[in-house]
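Take the sequence shown: its position 146, counting from 1, is numbered 289 in our numbering, and each next residue is one higher. What follows is one structure encoded as structure tokens, with my remarks underneath.
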Amino acid sequence: MDFASSETAPERSLAPLHSTAMHGLKIVVIGGFGVGKTTLVRSVSEIRPLDTEATMTDVSEGVDDATAVPGKSTTTVAFDFGRITLDNEHVLYLFGAPGQQRFWFLWDRLFTGALGAIVLVDQRRISDSWYAIDRLEHQGTPFVVACNDFGDSHGPEVVRDALDLDPTVPLLMCDARSRESSKQVLIALVEHLYSAVPQGETV
Numbered sequence: 144m145d146f147a148s149s150e151t152a153p154e155r156s157l158a159p160l161h162s163t164a165m166h167g168l169k170i171v172v173i174g175g176f177g178v179g180k181t182t183l184v185r186s187v188s189e190i191r192p193l194d195t196e197a198t199m200t201d202v203s204e205g206v207d208d209a210t211a212v213p214g215k216s217t218t219t220v221a222f223d224f225g226r227i228t229l230d231n232e233h234v235l236y237l238f239g240a241p242g243q244q245r246f247w248f249l250w251d252r253l254f255t256g257a258l259g260a261i262v263l264v265d266q267r268r269i270s271d272s273w274y275a276i277d278r279l280e281h282q283g284t285p286f287v288v289a290c291n292d293f294g295d296s297h298g299p300e301v302v303r304d305a306l307d308l309d310p311t312v313p314l315l316m317c318d319a320r321s322r323e324s325s326k327q328v329l330i331a332l333v334e335h336l337y338s339a340v341p342q343g344e345t346v
């Protein structure tokens, strides 16, 4: 995977899609409300991401529970979209799913055609990730779990036990604000996808 080595994303106005690009690969970033999905897509995308963040208003009170993320003033109302060029022919498209329960009906459509998914977890609110994992398992979509760093939190094994993850599902720590850290999550997902392919076959 030929990601740029710099921590800083390339100049986004100077990252046109190659005319030779023929194969689009889709990955979905999913998780609970306010876990950092938009931040991860923004940090790793080579283009200025398309996002559908809207300002939270009094109308959302009693609908979206923002008590666990008191500083959050915006929310994704459709999905985030970013892009990473892998080589001259292959392009990776990232879709960040909305986290609020009222938008969950969009998830199954976002999973369609996806190679795999990243479940982003806030270790302070582990139970918010249960539904995401349930939907991915129901759809048969391979995934990895990434614990976003919010400071004081549970250790990886506590998270694995709480989510009742299959031992084969990778679980790693990350900082969604960091391009390098987010790249490592994507690489872990690709390695997980390849490990599930029988020898002699290709994805």
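Even for Gly, the Cβ is constructed at its ideal location relative to N, Cα and C. Note that this is a predicted model, so its numbers are computed, not measured.
Between Ser272 and the rest of its own chain, which residues show a CB-CB distance below 7 Å, the 5 nearest in sequence each way excluded?
Gly174, Gly175, Val262, Val264 and Leu306
Pick helix, strand or coil for Arg322, following the three-state DSSP scheme.
helix
Can you tell which of Gly177, Val178, Leu235 and Gly225 has the C-alpha that lies nearest to the C-alpha of Leu168?
Leu235
Taking the straight line between their C-alpha atoms, what separation do you get for Arg267 and Ser186?
22 Å
Using DSSP with H/G/I as helix, E/B as strand and the rest coil, what is His335?
Assigned with DSSP and collapsed to three states, His335 falls in helix.
Which residues in the same chain as Asp292 place their Cβ atom closer than 6 Å to its Cβ, once the five residues preceding and following it in sequence are excluded?
Asp318
Report the start-end ranges of each alpha helix (DSSP H) in the region 232-308 that is 4 residues or longer and not cut off at the edges.
250-254, 273-282 and 299-306
Which residue or residues does DSSP assign as beta-bridge partners of Lys169?
For Lys169, which the question treats as bridged, DSSP gives the partners Tyr236.
In terms of DSSP beta bridges, what is Asp223 paired with?
Gly239
Taking 8 Å as the cut-off, decide whether the C-beta atoms of His233 and His335 are in contact.
no
Specify the secondary structure class of Ser203 as computed by DSSP and reduced to three states.
Its pLDDT being 47, under 50, Ser203 is placed unreliably in this model, and the value from its coordinates should be taken loosely. Note: Ser203 maps to helix in three-state DSSP.
Checking the sheet assignment: what are the DSSP bridge partners for Thr311?
The partner list for Thr311 (beta bridge, DSSP) is empty, contrary to what the question assumes.
Exposed or buried, which one is Ile330 when buried takes at least 16 other CB atoms within 10 Å?
exposed
Where does Gly298 land, buried or exposed, given buried means 16+ other C-beta within 10 angstroms?
exposed
Return the chain-ordered list of same chain residues with a C-beta closer than 6 Å to the C-beta of Gln282, the five sequence neighbours on each side being excluded.
Phe254
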